[in-house]
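J.: The opening residue of the sequence shown carries number 24 in this note's numbering; numbering runs sequentially from there.
After the structure tokens below, expect a handful of questions from me.
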Amino acid sequence: MKTGESTSRDRTGALPVLVAVLAVLGATAWMSWGDTGDLAVGSLGGPVAALAAAVGTYRVSRSPRADPQVRGFWRLWAYSSGFLALCAVGATVGAVRGHPGMPVYEAVPALFCLSAAGLAFRHVALTRRTLSDWARLLLDGAAVAIAGALLFGYAVVNLAPPGTPLPDRWAAGAVGVGCLLGMVVFGKAAVSPGTRVDPGALGILALSLLIGLIEVMLMLSGTRLSAVLVTALGYPLIALAFCTAAYRQARVLDGRTAPARPRWSLADWLQYLAVACTAGLVITVSAQDLGLRGRAVIAGAVLIAAIIVARQLLSLRENRLALIDIRHRQAELRRLALSDSLTGLPNRTGFSVALAERLEAGLPASALLIDIDDFKMVNDTLGPAAADQLLVQVAQRLQESCGADESAARLGGDEFAVLLPVDDPAAAEAAATRVQRTVGRPVTSADQQFLLHASVGIAVAAPGETADEVLRNADIAMYAAKESGKASWARFEPRMRQDMTNHARLAGELHDGIAGGELRLLYQPVYDLVTGRLHGAEALVRWQHPSRGFVSPGEFIPVAERSGLIVPLGAWVLREACTQLSRWRQAHPNAIEAVNVNVAVRQLREAGFVDEVAAVLSDTGLMPNNLILEVTESSVVDGWQVRETLQALHEMGVRLALDDFGTGQSSLSLLRAFPVDVLKLDKSFVDGIADGEDRGRLAVAAAVAQLAEHLQLKAVAEGIESQEQMDRLRDMGYRYGQGFYMAKPLPADECGALMAPAPVDQVR
Ligand code: C2E
Ligand code: MG
Ligand code: MG
Numbered sequence: 024m025k026t027g028e029s030t031s032r033d034r035t036g037a038l039p040v041l042v043a044v045l046a047v048l049g050a051t052a053w054m055s056w057g058d059t060g061d062l063a064v065g066s067l068g069g070p071v072a073a074l075a076a077a078v079g080t081y082r083v084s085r086s087p088r089a090d091p092q093v094r095g096f097w098r099l100w101a102y103s104s105g106f107l108a109l110c111a112v113g114a115t116v117g118a119v120r121g122h123p124g125m126p127v128y129e130a131v132p133a134l135f136c137l138s139a140a141g142l143a144f145r146h147v148a149l150t151r152r153t154l155s156d157w158a159r160l161l162l163d164g165a166a167v168a169i170a171g172a173l174l175f176g177y178a179v180v181n182l183a184p185p186g187t188p189l190p191d192r193w194a195a196g197a198v199g200v201g202c203l204l205g206m207v208v209f210g211k212a213a214v215s216p217g218t219r220v221d222p223g224a225l226g227i228l229a230l231s232l233l234i235g236l237i238e239v240m241l242m243l244s245g246t247r248l249s250a251v252l253v254t255a256l257g258y259p260l261i262a263l264a265f266c267t268a269a270y271r272q273a274r275v276l277d278g279r280t281a282p283a284r285p286r287w288s289l290a291d292w293l294q295y296l297a298v299a300c301t302a303g304l305v306i307t308v309s310a311q312d313l314g315l316r317g318r319a320v321i322a323g324a325v326l327i328a329a330i331i332v333a334r335q336l337l338s339l340r341e342n343r344l345a346l347i348d349i350r351h352r353q354a355e356l357r358r359l360a361l362s363d364s365l366t367g368l369p370n371r372t373g374f375s376v377a378l379a380e381r382l383e384a385g386l387p388a389s390a391l392l393i394d395i396d397d398f399k400m401v402n403d404t405l406g407p408a409a410a411d412q413l414l415v416q417v418a419q420r421l422q423e424s425c426g427a428d429e430s431a432a433r434l435g436g437d438e439f440a441v442l443l444p445v446d447d448p449a450a451a452e453a454a455a456t457r458v459q460r461t462v463g464r465p466v467t468s469a470d471q472q473f474l475l476h477a478s479v480g481i482a483v484a485a486p487g488e489t490a491d492e493v494l495r496n497a498d499i500a501m502y503a504a505k506e507s508g509k510a511s512w513a514r515f516e517p518r519m520r521q522d523m524t525n526h527a528r529l530a531g532e533l534h535d536g537i538a539g540g541e542l543r544l545l546y547q548p549v550y551d552l553v554t555g556r557l558h559g560a561e562a563l564v565r566w567q568h569p570s571r572g573f574v575s576p577g578e579f580i581p582v583a584e585r586s587g588l589i590v591p592l593g594a595w596v597l598r599e600a601c602t603q604l605s606r607w608r609q610a611h612p613n614a615i616e617a618v619n620v621n622v623a624v625r626q627l628r629e630a631g632f633v634d635e636v637a638a639v640l641s642d643t644g645l646m647p648n649n650l651i652l653e654v655t656e657s658s659v660v661d662g663w664q665v666r667e668t669l670q671a672l673h674e675m676g677v678r679l680a681l682d683d684f685g686t687g688q689s690s691l692s693l694l695r696a697f698p699v700d701v702l703k704l705d706k707s708f709v710d711g712i713a714d715g716e717d718r719g720r721l722a723v724a725a726a727v728a729q730l731a732e733h734l735q736l737k738a739v740a741e742g743i744e745s746q747e748q749m750d751r752l753r754d755m756g757y758r759y760g761q762g763f764y765m766a767k768p769l770p771a772d773e774c775g776a777l778m779a780p781a782p783v784d785q786v787r
């Protein structure tokens with residue numbers, strides 16, 4: 024399908040060339056066998072080929088692969104081709120009317136044609152020209168123009184047939200000088216390094232101007248044969264050169280032809296040739312008027328000038344070689360600065376530059392930001408060298424999966440990106456799914472197979488957005504994807520930025536809140552459902568914000584986890600809860616044995632967590648069995664580091680509870696591998712347990728109770744809100760429970776009051 028497409032593009036791209044070739048062949052045939060008296064027929068090929076050239080050059084100026092400068096260049100050549108067509112018509116009219124030389128109505132469009140080409144020259148250079156560049160260009164141009172003017176001035180006077188009107192002579196002379204100047208300028212550009220436009224195309228365009236120059240000379244001679252040659256064959260030939268140059272440029276842009284390497288060629292010598300011609304002219308003219316001594320002086324002066332020019336040429340050549348070397352080094356440095364040394368893909372800067380170029384050209388673009396999930400774990404398990412191997416494999420796959428005009432990059436660490444040439448959200452989402460599948464195929468490193476997953480953020484560039492903004496949006500979307508449970512993609516929406524800002528602000532305030540003592544702990548009693556006695560208490564953190572008021576943990580715990588603030592926050596909770604238990608145990612002989620403290624995975628990943636727990640226990644005079652740490656199932660499967668921490672805590676004698684059980688992986692192998700003491704059935708299974716409507720949830724609740732019994736774990740039901748729920752759970756085998764029905768989370772003194780020695784039956 025793709026090859027079919029590109030072939031058809033290829034064919035239509037070559038069509039203008041084909042038309043111009045036919046025009047040239049037609050003209051040749053007409054001149055060989057046709058009726059050369061009927062010039063109107065014979066010169067038909069000129070306008071036709073020129074129009075084909077206009078189409079060909081215009082097509083290149085619309086190419087999405089070209090940068091704005093290259094497009095501007097070819098647009099001006101399209102205008103130039105239009106004027107060429109008018110010029111060809113003018114030539115035909117002139118020839119039919121038997122006008123000697125070049126009539127004004129041919130010369131004027133020719134001058135416009137040359138002016139448009141001259142303007143196009145602005146777009147050729149790769150870098151912005153400096154003032155001295157322009158000055159040099161002006162001097163070179165002036166030298167050629169003066170030489171040309173002298174030559175043509177002389178030729179116009181001498182060669183033009185008598186009776187040619189003066190305006191015609193001067194107009195033709197001006198066209199000749201313009202052709203000469205254009206030929207030198209484009210010829211020089213074709214051989215100088217650092218052009219945006221393909222040097223091969225520039226060389227062909229310079230050739231077209233040479234043809235123009237020869238035409239003007241022929242026209243000036245004013246013979247019938249030269250008029251026939253120019254009108255019938257000259258214009259189709261010039262147009263053919265335009266078409267070929269445009270076709271070549273299109274192929275270079277499509278990557279089907281390598282850009283031409285600038286070579287030292289005849290074009291570089293043209294300016295000196297012009298000087299030599301002028302010198303020849305001076306000698307010829309002076310030879311007629313001067314004596315022998317005068318001629319010797321003139322010849323000597325010209326010789327000295329020639330020696331100086333030769334000397335200059337030598338140093339120019341050296342400069343040029345040095346310049347080429349510098350350009351090579353610059354290109355190499357640029358390549359190194361824009362690519363990633365590990366994978367060879369473009370790096371963050373390279374990606375930004377490519378994205379910025381598309382956006383500046385007004386082309387559609389979307390960015391996919393890809394982050395490998397839990398790569399830290401892989402890194403920890405494998406070591407950095409083997410993990411790098413995996414990254415190289417991911418990079419290769421991403422690159423292979425990229426279609427035409429798409430490109431992959433490594434932004435750093437385990438973060439990759441893909442640039443898409445689309446602005447359609449559905450297409451970008453399809454590409455994100457494809458990327459996830461690509462990353463999700465098993466990879467091998469150090470003889471181990473791994474299954475990686477990626478979270479992908481999608482940002483479709485909106486009009487006027489910069490590359491930085493698009494990347495930032497993709498980054499925000501990627502975080503949203505991670506939050507929605509990893510191994511997924513999310514497309515950027517403006518509200519995400521708002522969420523991000525809110526989170527950042529909240530994190531800042533939380534940071535101050537922790538330091539400023541705005542956190543409080545409440546304790547939710549845990550009851551023995553059989554005896555009705557108070558059994559334990561879970562410490563639950565609250566944030567009393569000075570202006571926002573009470574902020575729920577559901578809102579600030581995720582913020583704390585993402586910002587890392589959970590580490591100091593959790594440390595405070597642990598110490599505060601243990602201190603409180605120690606106070607209760609001193610005040611009440613019947614005080615609860617242990618306090619439950621929630622611990623986030625970020626805390627478990629901290630290297631010194633086990634020591635911290637030991638220090639808190641010893642500082643507060645508690646034993647390890649006075650503490651139950653509640654962890655979620657997802658944190659248990661986080662990696663070997665967390666597993667080792669949990670094992671060490673278990674060996675120390677601290678008990679571990681699996682919180683929100685039933686909502687995560689809940690695998691049996693997890694229970695065997697992990698030193699768990701308590702299972703806390705999630706509230707969602709308790710809801711609706713009394714009316715028995717949700718049979719599935721009921722079955723899970725019963726199974727968890729049985730599992731706990733077999734494995735000799737404590738089963739605790741969370742979120743009990745009614746007598747019926749409590750009764751059903753007790754009947755199922757739940758020995759312990761907590762919930763608003765028995766008690767809401769309470770301030771420390773209220774919870775302590777429940778431990779008073781009076782006989783209590785707290786369960787209603
Ligand atoms: P969790 O550990 O599962 O805590 C139980 C949550 O259920 C608490 O919400 C508690 O107030 C609520 N709850 C208890 N009984 C009932 C009931 O009968 N009905 C209803 N509707 N809710 C009940 P809370 O205090 O808002 O805490 C929410 C979550 O925030 C906790 O879930 C825990 O994951 C996290 N969290 C709270 N404090 C801390 C902490 O100190 N450290 C960490 N890492 N996480 C904490
Ligand atoms: Mg909990
Ligand atoms: Mg829970």
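We treat Cβ as the ideally placed atom computed from N, Cα and C, and that holds for glycine.
With H, G and I counted as helix, E and B as strand and the rest as coil, what does DSSP make of Val660?
T.: Within the sequence shown, numbered from 1, the residue matching residue 660 stands at position 637. DSSP places Val660 in coil when its eight states are reduced to three.
J.: Beta carbon of Lys767: closer than 7 Å to some heavy atom of ligand 3?
T.: Looking up residue 767 in the sequence shown gives position 744. Outside the cutoff, so no.
J.: If we ignore side chains and look at the alpha-carbon of each, how far apart do Arg720 and Ala726 end up?
T.: The residue you call residue 720 lines up with position 697 of the sequence shown. The residue you call residue 726 lines up with position 703 of the sequence shown. Each residue's alpha carbon lies about 10 Å from the other.
J.: How many Å lie between Arg15 and His526 at the Cα?
T.: No statement about residue 15 is possible, as the shown extent of the chain runs from 24 to 787 and does not include it.
J.: Can you tell me where the beta strand (DSSP E) with Tyr128 in it begins and where it stops?
T.: Residue 128 sits at position 105 when you count from the first residue of the sequence shown. Taken as a continuous stretch (DSSP letters only), Tyr128 belongs to no beta strand (DSSP E), being part of the alpha helix (DSSP H) at 127–143.
J.: Select from Leu736, Glu741, Asp61 the residue whose C-alpha is nearest the C-alpha of Phe708.
T.: For the purposes of this step, residue 708 is taken as residue 685 along the sequence shown, with counting starting at 1. Of the listed residues, the one whose Cα sits closest to Phe708 is Glu741.
J.: Hey, would you say the C-beta of Glu584 is under 7 Å away from at least one heavy atom of ligand 3?
T.: Walking along the sequence shown from the start, residue 584 turns up at place 561. It does not: the Cβ of Glu584 is nowhere closer than 7 Å to a heavy atom of ligand 3.
J.: Nearest-angstrom Cα distance between Lys399 and Thr467?
T.: Here residue 399 refers to the residue found at position 376 when the sequence shown is read from its first residue. Here residue 467 refers to the residue found at position 444 when the sequence shown is read from its first residue. Each residue's alpha carbon lies about 17 Å from the other.
J.: Assign Lys706 to one of three DSSP states: helix, strand, or coil.
T.: The count along the sequence shown starts at 1 and reaches residue 706 at position 683. Helix.
J.: Express the C-alpha separation of Asp403 and Gln471 in angstroms, rounding to a whole number.
T.: If you number the sequence shown from 1, residue 471 lands on position 448. If you number the sequence shown from 1, residue 403 lands on position 380. Answer to the nearest angstrom: the Cα atoms are 14 Å apart.
J.: Looking only at C-alpha atoms, which of Gly367, Ala680, Met54 sits nearest to Glu561?
T.: As a position in the sequence shown, residue 561 is number 538, starting the count at 1. When each option's Cα is compared against that of Glu561, the closest is Ala680.
J.: Tell me which residue opens and which closes the beta strand (DSSP E) that Lys737 is part of.
T.: What you label residue 737 is simply residue 714 of the sequence shown in a count that begins at 1. It spans 737–740 - the beta strand (DSSP E) in which Lys737 sits, taken as one unbroken run.
J.: Flag this pair as touching only if the stretch 757–767 and the stretch 546–559 have three or more C-beta atom pairs under 8 Å; answer yes or no.
T.: Yes: at least three Cβ pairs fall under 8 Å.
J.: Ala724 and Ile712 look like a contact to me (Cβ under 8 Å); what is the Cβ gap, rounded to whole Å?
T.: Position 701 of the sequence shown, counted from the start, is the residue given in the question as residue 724. Position 689 of the sequence shown, counted from the start, is the residue given in the question as residue 712. That belief holds up - the Cβ atoms of Ala724 and Ile712 are roughly 6 Å apart, short of 8 Å.
J.: Taking its Cβ as the centre, do 16 or more other Cβ atoms sit within 10 Å of Arg192, making it buried, or is it exposed?
T.: Position 169 of the sequence shown holds residue 192. Buried: at least 16 other Cβ atoms inside 10 Å.
J.: Would you say the beta carbon of Glu744 is closer than 7 Å to some non-hydrogen atom of ligand 3?
T.: The residue labelled residue 744 in the question sits at position 721 within the sequence shown. False, no ligand heavy atom lies under 7 Å from that Cβ.
J.: Specify the secondary structure class of Phe473 as computed by DSSP and reduced to three states.
T.: In the sequence shown, the residue the question calls residue 473 occupies position 450. Of the three classes helix, strand and coil, the one that applies to Phe473 here is strand, per DSSP.
J.: Measuring alpha carbon to alpha carbon, tell me which of Gln419, Val677, Ile321, Ala738 ends up nearest Asp634.
T.: In the sequence shown, counting from the first residue as 1, residue 634 sits at position 611. Checking every option, the nearest Cα to that of Asp634 belongs to Val677.
J.: Per DSSP, which residues does Gly572 bridge with? Please list them.
T.: Counted from its first residue, the sequence shown places residue 572 at position 549. Gly572 is bridged to His568.
J.: Taking Cβ positions, are Tyr375 and Asp446 nearer each other than 8 Å?
T.: The count along the sequence shown starts at 1 and reaches residue 375 at position 352. The count along the sequence shown starts at 1 and reaches residue 446 at position 423. Sequence inspection shows Ser at residue 375; the Tyr mentioned does not correspond to that position. No, they are not a contact pair.
J.: What separation, rounded to the nearest whole angstrom, lies between the Cα atoms of Asn619 and Leu650?
T.: Counting from 1 along the sequence shown, the entry for residue 619 is found at position 596. Counting from 1 along the sequence shown, the entry for residue 650 is found at position 627. If I take the Cα positions, the gap works out to 6 Å.
J.: Leaving out the 5 sequence neighbours to the left and right, which residues in its chain are closer than 8 Å to His814 when beta-carbon positions are compared?
T.: Residue coverage of the chain in this structure runs from 24 to 787, which leaves residue 814 outside it and unanswerable.
J.: Is Ala562 close to ligand 1? I mean its beta-carbon at under 7 Å from any heavy atom of the ligand.
T.: Along the sequence shown, one-based indexing puts residue 562 at 539. Ala562: yes, Cβ under 7 Å from ligand 1.
J.: So, for Ala766: in the same chain, excluding its five sequence neighbours on each side, which residues have a beta-carbon less than 6 Å away from its beta-carbon?
T.: Sequence index remark: in the sequence shown, residue 766 carries index 743 (1-based). Closer than 6 Å at the Cβ level, and outside the excluded window around Ala766, lie Pro548.
J.: Say yes only if the C-beta of Lys706 is nearer than 7 Å to one or more non-hydrogen atoms of ligand 1, and no if none qualify.
T.: Translated into positions along the sequence shown, residue 706 becomes position 683. Lys706 Cβ: within cutoff of ligand 1.
J.: Is Glu653 near ligand 2, in the sense that its beta carbon is under 7 Å from a heavy atom of that ligand?
T.: As a working note, residue 653 is residue 630 in the sequence shown. It does: the Cβ of Glu653 is within 7 Å (strictly closer) of some heavy atom of ligand 2.
J.: Would you mind listing the alpha helix (DSSP H) stretches within the stretch 504–576 that are 4+ residues and don't spill past its ends, in chain order?
T.: Counting whole runs of 4 or more residues, the stretch 504–576 contains the alpha helix (DSSP H) stretches 517–538.
J.: If you check the beta carbons only, do Val198 and Ala133 fall under 8 Å apart?
T.: Taking the sequence shown and counting its residues from 1, one reaches residue 198 at position 175. Taking the sequence shown and counting its residues from 1, one reaches residue 133 at position 110. Yes. Within cutoff.
J.: Could you please give me the residues that DSSP links to Tyr369 through a beta bridge?
T.: As a first step, residue 369 is located in the sequence shown; it is residue number 346 there, counting from the start. One point to set straight first is that residue 369 is Pro, not Tyr, in the sequence displayed. Answer is Ser362, bridged to Pro369.
J.: Would the beta-carbon of Asp700 be found less than 7 Å away from any heavy atom of ligand 3?
T.: Stepping through the sequence shown from its first residue, residue 700 is reached at position 677. For ligand 3, not one heavy atom lies less than 7 Å from the Cβ of Asp700.
J.: Could you work out which residue in Gly426, Pro612, Gly436 is closest to Leu442 when comparing CA atoms only?
T.: Taking the sequence shown and counting its residues from 1, one reaches residue 442 at position 419. With distances taken between Cα atoms, Leu442 lies closest to Gly426.
J.: Judging by CA-CA distance, which residue of Val415, Ala453, Arg457 is the nearest neighbour of Asp437?
T.: Looking up residue 437 in the sequence shown gives position 414. Closest by alpha carbon: Val415.
J.: Could you name the residues of the same chain whose beta carbon sits closer than 7 Å to that of Leu276, not counting the 5 residues immediately before and after it, in chain order?
T.: In the sequence shown, residue 276 corresponds to position 253, counting from 1. Excluding positions up to five away in sequence, the list reads Ser86, Arg88, Ala89.
J.: Out of Ala194, Ala118, Ala108, point me to the one whose CA is closest to Ala130's CA.
T.: By 1-based counting over the sequence shown, the position of residue 130 is 107. Closest by alpha carbon: Ala194.
J.: Is it a yes or a no for the stretch 66–74 touching the stretch 39–46, going by three-plus beta-carbon pairs under 8 Å?
T.: Yes, they touch.
J.: Would you tell me roughly how many angstroms separate the C-alpha atoms of Tyr102 and Ser364, rounded to the nearest one?
T.: What you label residue 102 is simply residue 79 of the sequence shown in a count that begins at 1. What you label residue 364 is simply residue 341 of the sequence shown in a count that begins at 1. Using only the alpha carbons, I get a separation of about 45 Å.
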